[in-house]
Structures are given as structure tokens and as C-alpha cells.
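Encoded as C-alpha cells, the structure appears first; notes follow it.
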Amino acid sequence: MSENTIISFEPATGAELWRGEVGDVDAAVERARRAWPAWAALPLATRIELVRRFANEVRKEQDAFAELIARETGKPLWESRTEVEAVIAKVEISVRAYAERTGQRKLDSALQGTAALRHKPHGVMAVLGPYNFPAHLPNGHIVPALIAGNAVILKPSEKTPAVGAFLVSLFGRAGIGEDVVQVLIGGPDEGKALVAHPGVDGVLFTGSAQAGIAINRKLAAEPGKIVALEMGGNNPIVVWDTPKIHDAAVLIVQSAFTTAGQRCTAARRLIVKAGFYDQVVEEVKRLTDRIIVGAPFDDPAPFMGPVIDGRAADQLTESFLYLLSNGGKAISHMRRPLGDLPFVTPGLIDTTAMAERPDVELFGPLLQVIRVEEFDEAIAEANNTRFGLAASLIGGNSQEYNRFWANIRAGIVNWNRPTNGASSAAPFGGVGLSGNHRPAAFYAADYCAYPVASTEMEQPRASVGVGFKV
Ligand code: UN1
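Printed below as a string of C-alpha cells:
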């Protein structure tokens, strides 16, 4: 591959899917800077009308879009369809979010004159997208940024450029100027150049903690630049007293292995009450071993596809072996059933006896099991991470859930629901290494416009007070 070409391959077959030239960062930023004032000057209602047209363009291409996502990510077709539905749903959610989060407001004021709070766009926003939801997650930043009046440059993951390019083309078809939303094809170098570019006013990032930290560090000397970081998790799912072992096991398997575990919200650590350990682990293992791993268009449909590429598959199997040789006990082995293709079978491993577990996001279908005796111990174990994205309690009573909710450090805390599958209509994000505040979903609107507080009078009117000779 030439340095100036990005090629994406279908994980499920290894076939080349797409190739494109690496974009010119300076040229893209210049075009965006020229385009945004006219976009910002359009009435809000017009911008909303145009993003609604975009939703219609997505609807028209629903099948082709889902197929492209399935090919480029390896996700099953059924799941890729849900991603396209999420792209469409995001438009109305973002319209509502913009009004709720940044709508014009009259302020109570003791001052004479009127006092108002209104919002302005920042200018040019860079969106850096991930490969696991290559359409839905960038879209969750692009749409709010456009509604607010910004121009947007999307740099998709170099693993999913085709989906990024297709997504952006649909904004074009909706009549939103091609310089208002652009796709910039590139790898980490282009990402870095875009983030640091003085013509970029904000960076909306979804991806690994490692990359997010690098962005944060790079922009530490530029406090004015918006930096919204949605990073990973090392998410716990705790099982306490429950008569519903099968249901609990299904929720666990869905939390850990949906999207082949390539979700920021995927459960990574199953923390089980000792008295339920045998039953729960047996049922989780039974279901895990029955998961159909296959290519996106297979019939019957697979539960999960391959991981994104060979490197990811290697890292996962190496991580499994690392845990195994450092005190872990395999419950279900992680295997590579199809040789070089990046399919891995879901791995289950008991790491209770490990002195120190690596607190890193192992981004794939790998679930550690940890046995605990007391509820306080479960909470302490769940919090034993620098990440803080999602956590679930399965079983337990309402007092226990209240304790769980009050003590867990995470942006999403669920009861008898999976750790993943968070609603786009809710604020989304984590604490600690998982990100800054709530950069995604409903509150994404907050990062796309800045509030201006004004007190206003038609004419200057003032009278002198104490301290003047009269
Ligand atoms: C997940 O919980 O699996 O729109 C990801 C969003 C969130 C993403 C959820 N619904 O940003």
C-alpha cells in the first residue's frame, strides 16, 4: 500500500473493499472555514430541515448502508441494520437535544434591560470516529454540530473509511454543501494534524483511551479548543442473589459478546457472588459455547462476527494467554477457528486468583470472571479500575441496587439490564479514563455551541451615582 492510499478490507473474507487517497488536512480545514459562516447564518429551522432531509436520504439507502457496514466491520447484517436505524433516530433526538440543552433563554435579572442566553457555533469541528460503530457514533457528533451551525470534518477510522465516506455523501445528497460536511481520509498522522490545526475549533473524539489521552495532551496548551472524549471501559457486571439464572446468563453474554465485544460499554469483568458462582458460570459457559460466530451475511445469522482485523485478533488471543499464564483459569478457550481470518471464539476466564489484573480495555469477546463473598467486596472489585463507563447489577434487591448505584463510579449504572445498548436519548459518557463528562448522545449538543450571556438595552441610559461632584 502506498503511503498516500488507505485500503480497507472485509474482516470476514480478507477481500479488499475500498481504497482512497489520503486527504489534505490544510485544504479541508480551509474549505470548512470558508463554508461555515454561511451555514451558521442560515436560520436554525433551515438547518434542522436539512438534517431531516439527510435522515430521509439515509432511509432511502437503508439496505445498502447496512450492507456496507456489515462488510467493512464484519458485524452481522441484523446488527448493522440497527446501526442504520440509530443513525436515523439520532436526527430527531439531536433536534430535541439542541432545543433542550442550548435553546434561547430569558434570564431572570435584577438589571435594567433584558438578559438573554443564546448559543453560537464554534466554527469548524473535527469528528474522529471509531470502527465499531463507524456510522452511528460519528453521526452522533456530526448532526448536533451541524444543527448548532458548525462546519464538520469527519476523519473516520482508517479501518472503516468506506462507511465514513458514504455517511458524508448522504449529507451532500440532502443539500448540505460539500464543504460544510467533509470526509478526510487518513490514518493517525492526519488525525494528529487535524486535531492540532489552528483552524479547528473543536475535536469530538470516540475511540481508545490511549488515543484520547494523546489528544488531550496535545491540546493541553489550548484551553479554548473544545475536546470531547468518549473512550473505553473496563466495565463490570455484578451478579447477586437471583432465581433467574438463565436470564442473568443471557444478559451477561449479551453484555460481553455483542459486536464481538467491540463496544465501549461491553462487560469485561463478571463479578459473581460465591453462592451463585457454579450455577451462573455453568449457564454462561453453556450459552457462550453455543454462540454462532460467523460472517455477516451467513444463514443462519451469527450472533457475532469477526473482530476488526488480524492484529486485534492476535492481541486478544495473546491477552487470553497472558491471563492464563498469570493465574487465570480458562472456562471457555478463545480460539481462532478460521486460521488467519480474524474470527475469535468468545473467551471466558476466571481471574479471581490473579494478584493483579491488567486494567486495560481488552476490546473484544473476552470476559473475566471474579468470585466474591460480600456485596461490599463486589462493589470494591467493580470500582477497581481507572475507567468508569458502564456497570450493571443483575439480581439483588432494591437496597442492594441503591448501594450499588450510590457507590459505583461510572456514567451508566443499570439494574437487570445489560451494560451496553445505551439509549441515544440519554446523556452518554464516563468518568476517569472513560472520558470527559458526557460527550456523546443527548448531551453532545453541549459541545457544539457556546453560550453567550447578554444584557441589552436599545439606547445607552445611565445616571451618575455616589462619588461625583454635582
Ligand atoms: C452502547 O451502549 O452500546 O448514541 C453504545 C450513543 C450511545 C452509544 C451506545 N447510544 O452515543
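Per full-length UniProt numbering: the sequence shown = residues 1 to 470.
Just so it is clear, CB atoms sit at the ideal spot from N, CA and C, and this is done for glycine as well.
Contact annotation: Ala209 and Glu57 have beta-carbon atoms that are not nearer than 8 Å. At a cut-off of 7 Å, the beta-carbon of Ser423 counts as near ligand 1: some heavy atom of the ligand is closer than that. Look at Ala441: its beta carbon is less than 7 Å from one of the heavy atoms in ligand 1. Closest in C-alpha terms to Arg81, from the list Ala70, Lys90, Leu341, comes Ala70.
Within the DSSP secondary-structure output, His119 pairs in a beta bridge with Pro451. In the DSSP assignment, Thr206 forms a beta bridge with Glu230. Scanning the segment 97-169 from its first residue to its last, the whole alpha helix (DSSP H) runs of 4-plus residues come out as 136-148.
Remark: C-beta atoms of Leu367 and Ala256 approach each other more closely than 8 Å. In this structure, Thr265 has its beta carbon less than 7 Å from a heavy atom of ligand 1. DSSP lists Pro236, Gln368 as the bridge partner or partners of Arg269. Sixteen is the threshold: when 16 or more other Cβ atoms of the shown chains lie within 10 Å of the Cβ of Thr73, as they do, the residue is buried. If you check the C-beta of Leu137 against ligand 1, you find a heavy atom less than 7 Å away. For Glu3, there is no enclosing alpha helix (DSSP H), as DSSP gives it neither H nor E.
Judged by DSSP in its simplified three-state form, Ile408 adopts coil rather than helix or strand. Annotation: Val470 is outside any beta strand (DSSP E) and is labelled neither H nor E by DSSP.
DSSP places Gly432 within a helical segment (H, G or I) once states are collapsed to three.
Annotated as distal: Asp359 and Asn216, with beta-carbon spacing of 8 Å or more. Taking the CA atoms as reference points, Lys120 sits about 43 Å from Leu251. The Cβ atoms of Thr206 and Leu146 do not sit closer than 8 Å to each other. When Gly140, Trp415, Gly275, Leu348 are compared, the shortest CA-CA separation from Pro439 is found for Gly140. The straight-line gap separating the alpha-carbon atoms of Ile349 and Pro451 is approximately 49 Å.
Contact check for Asn416 against Arg263 fails: the beta carbons are separated by 8 Å or more.
Distance between Gly261 and Glu374, taken at the CA atoms: about 28 Å. Look at Asn420: its beta carbon is less than 7 Å from one of the heavy atoms in ligand 1.
Residues of the same chain with a CB within less than 7 Å of the CB of Ala248, apart from the 5 flanking positions on each side, are Val239, Thr242, Val280, Ile394, Gly395 in chain order. In this structure, Ala135 sits away from Val181, with a CB-CB distance that is not shorter than 8 Å.
The beta-carbon separation of Val372 and Glu361, rounded to 22 Å, does not stay under the 8 Å limit for a contact. Minimum Cα-Cα distance from Ile185 among the listed residues Ser434, Ala449, Arg386, Asp24 corresponds to Asp24.
In terms of Cβ geometry, Ile153 and Val22 do not form a close pair [threshold 8 Å]. Distances from the CB of Gly430 to the heavy atoms of ligand 1 are all 7 Å or more.
In this structure, DSSP gives Asn216 a helical state, which the three-state scheme calls helix. When Cβ pairs closer than 8 Å are counted between the two stretches, the segment 8-19 is seen to touch the segment 336-345, the count reaching three or more. Beta-bridge partners of Phe9 (DSSP): Glu16. Gly310: member of the alpha helix (DSSP H) spanning 310-325, first to last residue. Rounded to the nearest angstrom, the gap between the Cα atoms of Asp63 and Glu85 is 11 Å. Linking Ile142 to Glu283 through their CA atoms gives a straight-line distance of about 42 Å.
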